[in-house]
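Undergrad: As numbered in full-length UniProt numbering, residues 1 to 114 make up the sequence shown, in order. Here a beta-carbon is modelled for each residue, glycine too, at the ideal position from N, C-alpha and C.
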Amino acid sequence: MDAPWEESPDAGMHVKAGDVLERLPTIFERVPEVDASLIFSEMSRLCKQAKVIFNRTFTRCQVEVIRLKREKALLTEQFEKERAQLRKELRARDFEVSELKWREREISSERDSL
C-alpha cells in the first residue's frame with residue numbers, strides 16, 4: 001500500500017485523494033471493536049469544538065471591527081477639527097496678505113505722487 005501522505009510543494013503534507021477511503025476497510029479489519037457510535041460521537045465533539053472556536057474568533061473579529069470603527073470616528077473628528085483650524089489660519093493669512101497688498105499700493109501711490 002502507498003504512503004498515506006503526499007508532499008505538496010506549496011503547503012506541506014496532504015492526504016492522497018481516495019487513499020483514506022481505500023484504507024477504511026483495512027482499518028476496520030484491524031480494529032474490529034471500533035463502534036460507529038464512537039466515531040459519530042467523536043465527530044459530534046469535534047463539530048462542537050469547531051463551533052466554539054469559530055464563535056470565539058467571530059466574536060473577536062466583531063470586537064475588533066467595533067474598535068476600529070471607534071478609532072476611525074475619533075481620527076475623523078480630529079481631522080475635521082484640524083482642517084477647520086487650518087482653514088481659519090488660511091483665511092487670516094489671506095486677509096493679512098490682502099492688507100499688505102493694499103498698504104503696498106497705498107505707499108506706491110503716495111510715492112508716485114511725490
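Which of the three DSSP states, helix, strand or coil, is assigned to Leu86?
TA: In this structure, Leu86 counts as helix in the three-state DSSP scheme.
Undergrad: Measuring only the C-alpha atoms, how far is Glu42 from Ala36?
TA: So the alpha carbons of these two residues sit roughly 10 Å apart.
Undergrad: Could you check the C-alpha separation between Leu38 and Ser44 for me, to the nearest Å?
TA: Approximately 10 Å, taken between the alpha carbons.
Undergrad: If you draw a straight line from the alpha carbon of Ile66 to that of Lys51, how long is it in whole angstroms?
TA: Taking the straight line from one Cα to the other gives about 22 Å.
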